[in-house]
DNA sequence: CAAATAAGTGTACAATTGACAAGTTTTACT
DNA sequence: AGTAAAACTTGTCAATTGTACACTTATTTG
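Residue numbers (my numbering), protein chains in the order written: chain A, 2 to 234; chain B, 2 to 234.
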């Protein structure tokens with residue numbers, strides 16, 4: 002059958018907003034753009050969707066290419082479609098946000114893409130509309146992490162409660178009461194206490210926990226509000 | 002500057018999942034497809050993104066074309082990008098979901114598109130991946146309406162508490178306790194009681210309410226959980 | 001063995017949620 | 001005119017959840 006008439010075709014790309022957490026700060030993985038225009042400027046990792054791929058597949062491919070990782074948390078965020086967002090040629094971008102364990106990445110780091118982790122407080126100026134994409138991704142991360150046990154994806158398989166609390170405090174740029182925080186996360190029954198401790202950050206050491214993966218999958222949609230209720234105005 | 006080399010271009014469309022509520026059931030506005038392939042089958046209202054448009058603009062245009070309405074609630078949902086989702090030619094679809102006051106629509110109805118409202122329980126077989134789009138839109142509606150005062154968009158400017166409760170009961174396919182429901186929605190301070198009553202559905206009549214638009218915009222992100230907490234397993 | 005460091009733990013009060021039923025207004029019918 | 005019917009409106013109490021708040025414990029180092 003014949004093609005659709007009188008319509009313009011355009012390029013379709015994916016761009017990935019990749020979050021990591023190094024124990025102290027939330028970070029974003031950016032690359033130096035390898036092609037014109039804007040070659041050399043910082044940008045999100047992206048690429049064109051190939052003929053046999055859907056956007057999810059393209060995002061997975063690109064993420065694997067950059068980090069070597071598979072099986073990471075990846076979620077479609079938003080599609081950016083301004084007619085002039087790429088000055089060379091009309092390109093629509095389907096954005097994804099990814100959460101990775103930054104330590105796994107370090108092992109597999111490839112220099113090929115001139116990639117670098119930037120703390121969210123020090124994001125450089127980005128090409129095109131990538132800053133807007135990052136902004137939206139941050140908002141979605143905060144939104145979603147308040148309702149679902151998402152942030153575990155940023156931690157190693159074994160983590161401690163102080164690490165977890167620190168991560169939440171970074172994401173929400175606030176601090177929580179230790180006792181209330183512990184009680185809340187443990188009440189989900191999602192965490193399994195291990196026998197060993199992390200001695201890295203204190204003399205006493207903090208017990209490791211692991212996710213209970215059965216519960217994790219089953220209860221992903223019914224987590225709880227980590228954010229304390231704001232005082233009534 | 003020269004175009005990107007060795008990349009394939011494709012068509013980009015938008016498709017709108019349009020919800021309405023007639024007082025008894027949630028409905029979806031579908032059209033009979035006017036072009037080949039699949040001409041005559043039921044489908045979501047959609048169209049190609051034009052050269053000067055971004056996807057939001059295209060969705061607004063298409064919604065206006067079909068319903069005559071402007072200023073309706075419209076939100077980008079998801080982008081569908083399977084390489085073979087349209088058998089004629091690769092087409093990527095950015096989907097939007099819209100909430101409209103079904104009564105406003107009826108006044109402006111145009112027969113041009115062979116549009117019809119279908120109760121969500123009686124959706125016919127749809128072309129391409131449109132059924133999947135509808136499924137995702139329903140899930141998002143339920144998800145989001147539990148957290149934000151979204152469903153007011155489906156009601157007339159003046160509505161009654163029983164109407165509102167009925168709408169929530171339709172969306173969640175359940176029933177709520179009247180007293181608790183009333184207390185919850187009134188506690189948001191989003192509703193302003195009117196002096197007049199709707200005598201349409203009872204002898205006593207139910208007071209009309211209006212949204213307090215200042216509060217509505219300001220507190221959209223901090224609504225409350227309408228869904229009762231599920232019993233602990 | 002004393003000091004330093006960070007981890008771990010409990011209680012009381014306040015706010016919210018959930019279960020539950022009787023009274024009110026109006027119309028229509030006898 | 002009085003009564004029955006229909007649907008709207010409203011309140012209380014118990015249970016749960018959220019919040020504020022401070023001391024003890026384990027371990028290492030000097």
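For glycine and all other residues, C-beta sits at the position ideal for the given N, C-alpha and C.
Neighbouring residues, chain B, relative to residue i (Cβ below 7 Å)
i: residue 10 of chain A; result: 10, 11, 12
i: residue 55 of chain A; result: 82, 83, 84
Check whether residue i and residue j have beta carbons under 8 Å apart
i: residue 101 of chain A; j: residue 68 of chain A; result: yes
i: residue 47 of chain A; j: residue 94 of chain A; result: yes
i: residue 50 of chain A; j: residue 56 of chain A; result: yes
i: residue 120 of chain A; j: residue 26 of chain A; result: yes
i: residue 210 of chain A; j: residue 193 of chain A; result: yes
i: residue 141 of chain A; j: residue 98 of chain A; result: yes
i: residue 198 of chain A; j: residue 182 of chain A; result: no
i: residue 44 of chain A; j: residue 29 of chain A; result: no
i: residue 130 of chain B; j: residue 180 of chain B; result: no
i: residue 59 of chain A; j: residue 15 of chain A; result: yes
i: residue 195 of chain B; j: residue 177 of chain B; result: no
i: residue 106 of chain B; j: residue 70 of chain B; result: yes
i: residue 138 of chain A; j: residue 172 of chain A; result: no
Minimum C-alpha distance to residue i - residue among the options
i: residue 23 of chain A; options: A/71, A/112, A/130, A/156; result: A/156
i: residue 128 of chain B; options: B/40, B/8, B/197; result: B/40
i: residue 78 of chain A; options: A/50, A/219, A/134, A/121; result: A/134
i: residue 175 of chain B; options: B/190, B/195, B/161, B/143; result: B/143
i: residue 185 of chain B; options: B/169, B/199, B/200, B/58; result: B/169
i: residue 17 of chain B; options: B/75, B/140, B/33; result: B/75
i: residue 114 of chain A; options: A/13, A/167, A/182, A/66; result: A/66
i: residue 190 of chain A; options: A/179, A/173, A/214, A/200; result: A/214
i: residue 164 of chain B; options: B/138, B/148, B/200, B/136; result: B/200
i: residue 104 of chain A; options: A/205, A/158, A/167; result: A/158
i: residue 8 of chain B; options: A/118, A/13, A/116; result: A/13
i: residue 203 of chain B; options: B/19, B/162, B/73; result: B/162
i: residue 206 of chain A; options: A/6, A/160, A/188, A/72; result: A/160
i: residue 73 of chain A; options: A/19, A/118, A/84; result: A/19
i: residue 116 of chain B; options: B/96, B/83, B/42; result: B/42
i: residue 33 of chain B; options: B/112, B/84, B/3, B/187; result: B/112
i: residue 96 of chain B; options: B/222, B/118, B/132; result: B/132
Chain-ordered chain A contacts of residue i [CB-CB under 7 Å]
i: residue 79 of chain B; result: 77
i: residue 50 of chain B; result: 82
Whole-Å CB distance - residue i paired with residue j, under 8 Å assumed
i: residue 212 of chain B; j: residue 153 of chain B; result: 6 Å
i: residue 91 of chain A; j: residue 11 of chain B; result: About 11 Å; that fails the 8 Å criterion.
i: residue 38 of chain B; j: residue 88 of chain B; result: 6 Å
8 Å Cβ cut-off: residues of chain A touching residue i
i: residue 4 of chain B; result: 89, 90
Within chain A, the residues that residue i reaches when beta carbons sit closer than 9 Å
i: residue 95 of chain B; result: 80, 82, 93, 95
Any non-hydrogen atom of the ligand NAD within 7 Å of residue i CB
i: residue 149 of chain B; result: Among the components of this structure there are no ligands whatsoever, and the ligand NAD is therefore not found.
task: Kindly provide the ranges of any beta strand (DSSP E) runs that are 3 or more residues long and lie completely inside the region 102 to 135 of chain B, ordered along the chain.
output: 116 to 120
query: Where in the region 164 to 215 of chain A do unbroken runs of the alpha helix (DSSP H), each at least 4 residues long, occur, reported from the N-terminal end onward?
result: 179 to 188
field: Whole beta strand (DSSP E) elements within the region 53 to 81 of chain B, 3-residue minimum
entry: 74 to 81
- prompt: What alpha helix (DSSP H) runs, 4 residues minimum, are completely inside the region 16 to 49 of chain B?
  reply: Uninterrupted alpha helix (DSSP H) stretches at least 4 residues long and entirely within the region 16 to 49 of chain B do not occur.
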